[in-house]
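In the working numbering, the protein residues as written are 1465 to 1970.
Data block below; observations after.
And the structure:
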């Protein structure tokens, strides 16, 4: 509120102040209407001689209340001692500057910047201290907000950066420095931190779009401190000057690695659910087949027995006919047992564990593998360990495992050499506390995508017309035996090896 300037003058020195305004009303107008606070202090006593309205508004007090007071009356207690240390040197320098906090009438602390200078009317005239006071409240609030914002930027769990119009980085937050490497993060260019494809996206799409439209959002990638490519969802914001020129770009990046991994898992789980659904349907189909085929298989076995009895001893081919009928009966029993085992496996029924010798199991495989198909013409060569290799397991299930692996090995050998396929090698050995059976082929080797995840995935196949259950069944059976199935390319020749690993019976 404007006060009556005709009031009685303040302490001595008011006359000297009048001389300051002897050029007319200009200085008085500037003094009283300035938005900057102004006060005049008696040089010797530091009592207030004059104040303007802006300074009165800072403190929420009237001019009459302030005239005659010394600054320590409205300085914050913690700033009084530094003020007096500066004040005692006021005769040593013409001007000085310091920050302080004033206490307003309502107790609010007002941060200010004081610029003080000494003025004298003449060699012997009374000297005065003239002080311009700038209210720093907004500036301090802005600094505080900037500091808080910087804490947010540094704690943000993603990349935040700023670059100039030439795409040279000026700032990286802590996340970016950790990702890129602290030494590498400072002063690098956009090209130095991006794979080539991502750099082209940023240069040709992201920055031009941000410059024209204000911002851009899209997929990009960074190279971390190890050189690994990390996918990011990036937002680019352009900052223009008053002339419309881009001065800065801000970048915010969210690491997509976890989200991409979660998406891959979601697809994998969806595929597993589809596989489970197919297995449930397959179990029902197996039950139907077992029901429909058991009777014809039993009848076929009975016909084979009857045929053996009817073959006359004097028949020239009687021995050969009996062998054929024996094979027919054995294959019939094998088909029936296989249906039972597959049904038990798909229903989740437990295996029939007992001690067995893997050498013995492997020796019995060749007759079991003699099928009337083209793959049956690929021979099997046995390389058995000396002495028994005893494990605990279900002999029918382990027989099924080896049957599947040998069948695949035969097909691999025929694929590489259709006219003269190499034999499949079946090798047993005891290695420390485990037993191993290697099924070695000489085919084209493993496909590039072959891995453990493929072994445990039902319905995965690279064969035309295959249903993709053989390896999965083998892997699952071995898991139930506390064993493992491994696959690797042969180190010293063509083909691949599928290795069955089982714990040895103590």
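Ideal placement from N, C-alpha and C gives every residue a C-beta, glycine not left out.
Taking buried to mean at least 16 other C-beta atoms within 10 Å of its own C-beta, is residue 1518 buried or exposed? Start at 1 with the first residue of the chain shown, and residue 1518 comes out as number 54. Residue 1518 counts as buried, since no fewer than 16 other beta carbons sit within 10 angstroms of its beta carbon.
Mapping the DSSP letters down to three states, classify residue 1466 as helix, strand or coil. Stepping through the chain shown from its first residue, residue 1466 is reached at position 2. Only weak support exists for where residue 1466 lies, its pLDDT of 48 falling under 50; the value from the coordinates is given anyway. It is coil, neither helix nor strand.
Segment contact flag, the segment 1612-1626 with the segment 1519-1528, C-beta cutoff 8 Å, min 3 pairs: The answer is no - the segment 1519-1528 does not touch the segment 1612-1626, with fewer than three Cβ pairs under 8 Å.
Please classify residue 1507 as buried or exposed, where buried requires at least 16 neighbouring CB atoms within 10 angstroms. Along the chain shown, one-based indexing puts residue 1507 at 43. Looking at its Cβ environment, which holds 16 or more other Cβ atoms inside 10 Å, residue 1507 is buried.
Only counting the same chain, and skipping five residues up and downstream in sequence, which positions put a Cβ closer than 8 Å to that of residue 1663? As a working mapping, residue 1663 is identified with position 199 in the chain shown. Excluding sequence positions up to five before and after residue 1663, its CB lies within less than 8 Å of the CB of 1654 and 1655, all in the same chain and listed in chain order.
Report the three-state DSSP secondary structure of residue 1966 (helix, strand or coil). On the chain shown, position 502 is the one that residue 1966 refers to. Residue 1966 falls in the strand class under three-state DSSP.
Between 1901, 1596, 1529 and 1566, which lies nearest to residue 1495 when the distance is taken from Cα to Cα? In the chain shown, counting from the first residue as 1, residue 1495 sits at position 31. Among 1901, 1596, 1529 and 1566, the Cα nearest to that of residue 1495 is on 1596.
Can you list the alpha helix (DSSP H) stretches of 4 or more residues lying completely in the segment 1621-1670, in chain order? For the segment 1621-1670, the full-length alpha helix (DSSP H) segments reaching 4 residues or more read 1638-1644, 1646-1649, 1654-1657 and 1660-1665 along the chain.
Beta carbon of residue 1717: closer than 7 Å to some heavy atom of the ligand PLP? Annotation note on the ligand PLP: not contained in the displayed structure, which lists no ligands.
DSSP three-state call for residue 1853: helix, strand or coil? Reading the chain shown from its first residue, position 389 is the one you call residue 1853. When secondary structure is reduced to three states using DSSP, residue 1853 falls in the coil class, being assigned neither helix nor strand.
From which residue to which residue does the alpha helix (DSSP H) around residue 1527 run? The count along the chain shown starts at 1 and reaches residue 1527 at position 63. That run of the alpha helix (DSSP H) goes 1527-1530.
Please report the residue range of the beta strand (DSSP E) in which residue 1700 lies. Residue mapping note: residue 1700 aligns to position 236 of the chain shown, counting from 1. Taken as a continuous stretch (DSSP letters only), the beta strand (DSSP E) holding residue 1700 covers 1693-1704.
Under 8 Å, with one C-beta from each stretch per pair, do the segment 1604-1614 and the segment 1693-1702 reach the 3-pair mark? With the cut-off at 8 Å, the segment 1604-1614 and the segment 1693-1702 do not touch.
What is the C-beta distance between residue 1565 and residue 1574, in whole angstroms, given that I count them as a contact (C-beta under 8 Å)? The residue labelled residue 1565 in the question sits at position 101 within the chain shown. The residue labelled residue 1574 in the question sits at position 110 within the chain shown. The C-beta distance from residue 1565 to residue 1574 rounds to 7 Å, short enough to fall under 8 Å.
Considering only DSSP beta bridges, list what residue 1887 is partnered with. Here residue 1887 refers to the residue found at position 423 of the chain shown. Residue pairing by DSSP leaves residue 1887 without any beta bridge partner.
With H, G and I counted as helix, E and B as strand and the rest as coil, what does DSSP make of residue 1565? Translated into the one-based positions of the chain shown, residue 1565 becomes position 101. It is a strand residue.
My output table needs one value for residue 1541: the three-state DSSP class, helix, strand or coil. For the purposes of this step, residue 1541 is taken as the residue at position 77 of the chain shown. In this structure, residue 1541 counts as helix in the three-state DSSP scheme.
Using beta-carbon positions only, say whether residue 1890 and residue 1865 come within less than 8 Å of one another. If you number the chain shown from 1, residue 1890 lands on position 426. If you number the chain shown from 1, residue 1865 lands on position 401. No. Outside cutoff.
My output table needs one value for residue 1582: the three-state DSSP class, helix, strand or coil. Within the chain shown, the letter at position 118 stands for residue 1582. Three-state DSSP puts residue 1582 in a strand.
Among the residues of its own chain, which have a CB less than 6 Å from the CB of residue 1977, if the five just before and after it don't count? With the chain represented from 1465 up to 1970, any question about residue 1977 goes unanswered, as that position is not in the structure.
Status (buried if at least 16 other CB within 10 Å, exposed otherwise) for residue 1723: Numbered from its first residue, the chain shown carries residue 1723 at position 259. Burial call: exposed.
Check whether residue 1822 and residue 1853 have beta carbons under 8 Å apart: In the chain shown, residue 1822 corresponds to position 358, counting from 1. In the chain shown, residue 1853 corresponds to position 389, counting from 1. It is a contact, given that the beta carbons lie within the stated cut-off.
Do residue 1961 and residue 1904 come within 8 Å of each other at the CB atom, strictly closer than that value? Here the question's residue 1904 lines up with position 440 in the chain shown. Here the question's residue 1961 lines up with position 497 in the chain shown. Residue 1961 is positioned such that its CB atom lies closer than 8 Å to that of residue 1904.
Rounded straight-line distance, which links the Cα of residue 1955 to that of residue 1799: The residue you call residue 1799 lines up with position 335 of the chain shown. The residue you call residue 1955 lines up with position 491 of the chain shown. A direct Cα-to-Cα measurement between residue 1799 and residue 1955 gives close to 37 Å.
What residue from 1541, 1503 and 1622 has the CA that sits closest to residue 1578's CA? As a first step, residue 1578 must be located in the chain shown, where it is residue number 114. For residue 1578, the closest C-alpha among the options 1541, 1503 and 1622 is that of 1503.
Identify whether residue 1683 lies in helix, strand or coil by the three-state DSSP scheme. Numbered from 1 along the chain shown, position 219 holds the residue referred to as residue 1683. It is a strand residue.
According to DSSP, which residues form a beta bridge with residue 1718? Taking the first residue of the chain shown as position 1, residue 1718 is located at position 254. The secondary-structure analysis by DSSP pairs residue 1718 across a beta bridge with 1697.
Whole-angstrom distance between residue 1881 and residue 1845, CA atom to CA atom: Counting from one through the chain shown, the residue named residue 1845 turns up at place 381. Counting from one through the chain shown, the residue named residue 1881 turns up at place 417. One C-alpha to the other measures close to 17 Å.
Following the continuous alpha helix (DSSP H) through residue 1878, name the residue where it begins and the one where it ends. Here the question's residue 1878 lines up with position 414 in the chain shown. In the DSSP annotation of this structure, the continuous segment of the alpha helix (DSSP H) that includes residue 1878 starts and ends at 1859-1880.
Ordered along the chain, which non-local residues of its own chain (more than five positions away) have a Cβ less than 6 Å from that of residue 1941? As a working note, residue 1941 is residue 477 in the chain shown. For residue 1941, where only same-chain residues beyond five positions count, the Cβ hits under 6 Å are 1861 and 1865.
Taking the beta carbon of residue 1671 as the centre, do at least 16 other beta carbons fall within 10 Å, making it buried, or is it exposed? Here residue 1671 refers to the residue found at position 207 when the chain shown is read from its first residue. Residue 1671 comes out buried.
Beta bridge counterpart(s) of residue 1960 as assigned by DSSP: For the purposes of this step, residue 1960 is taken as the residue at position 496 of the chain shown. BP columns for residue 1960 point to 1953.
Residue 1863: buried (16+ other C-beta within 10 angstroms of its C-beta) or exposed? On the chain shown, position 399 is the one that residue 1863 refers to. Counting every other CB atom within 10 Å of its CB across the protein chains shown gives residue 1863 a total of 16 or more, marking it as buried.
Please report the residue range of the alpha helix (DSSP H) in which residue 1826 lies. Sequence index remark: in the chain shown, residue 1826 carries index 362 (1-based). Taken as a continuous stretch (DSSP letters only), the alpha helix (DSSP H) holding residue 1826 covers 1822-1827.
Grab the span of the beta strand (DSSP E) containing residue 1593 for me, first residue to last. Within the chain shown, numbered from 1, the residue matching residue 1593 stands at position 129. For residue 1593, the enclosing beta strand (DSSP E) covers residues 1591-1599.
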